[in-house]
Amino acid sequence: MADFDGIPARLFDTAGLREAANRVEREGIRRSQDLLTNSDLVFYLADGTQGLNDEDTEILAQREQSGVPWALLWTKCDLSDALPVPAGWLGVSALTGQGLVALTAWVKAQALPETSAPDAVVIDSVRQKQLLDRAVIALKAVHTGLEAGFPVDMVALDVQDALQALGEIVGEVTNADILNHMFGNFCVGK
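Numbering (my numbering), first residue to last: 79 to 268.
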């Protein structure tokens, strides 16, 4: 875990995204693609002493399609043999910390857009987002079912799914709680 001035982040170092030579490498690349698809932000690092190669160019051509903001990081920018930092890239140094303040500001801007209210809730993990998405889908199913005139006991499972997803986020709701409430307050099964 990393902390960007109060913004928690889980960082993954992935396999390169190139043509795989064998089955094991293909699996590593597939997992890297999955992480890219499910990530909120991507840090793409290029060695500032080597510059961009054909693999970098090929990957960077695909970044617009990812739908995820990318921070383009030009590493080792503090070394005497470092190449100039290209436009649109941020020069960073793990040794001196150069560029980390700007990177932290970028992460905060991505995580907390200016349009957010100062007291807005921040979703800080992919799991929480998936649980919230699950709750929204279940609640839409409840709304659709009730609009269509379905009895309460028919939509109860969708209510249960929504509450369970939200309960997993806050750690407060169990299946027993949901069932006790449903059977205690509604006429179910008649």
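Virtual Cβ for every residue (Gly too), placed ideally from N, Cα, C.
Here residue 127 carries a coil assignment [DSSP, helix/strand/coil].
Per DSSP, reduced to three states, the secondary structure at residue 80 is strand.
Going by beta carbons, residue 147 and residue 119 fall inside the 8 Å limit. Residue environment analysis places residue 218 among the exposed positions, since fewer than 16 neighbouring C-beta atoms fall within 10 angstroms of its C-beta.
Around the beta carbon of residue 183, a 10 Å sphere encloses fewer than 16 other beta carbons of the protein chains shown; the residue is thus reported as exposed. Counted as a single uninterrupted DSSP element, the alpha helix (DSSP H) harbouring residue 184 occupies residues 178-189. Following the DSSP letters along the chain, one finds residue 222 inside the alpha helix (DSSP H) bounded by residues 204-225.
Excluding sequence positions up to five before and after residue 167, its CB lies within less than 8 Å of the CB of 124, 150, 151, 152, all in the same chain and listed in chain order. Straight-line spacing of the CA atoms in residue 210 and residue 172 works out to 36 Å.
Under DSSP, residue 151 shares a beta bridge with 123, 168. Listed as beta-bridge partners of residue 85 by DSSP are 82. Here residue 213 has 240, 243, 244 as same chain residues with Cβ atoms under 7 Å from its own Cβ, once five neighbours each way along the sequence are excluded. Look at residue 145 here: in three-state DSSP terms it is coil, with no helix or strand label. Annotated three-state conformation of residue 116 is helix, per DSSP. A buried status is given to residue 234, since no fewer than 16 other beta-carbon atoms sit within 10 Å of its beta-carbon. Counting along the chain, residue 245 sits inside the alpha helix (DSSP H) bounded by residues 230-248.
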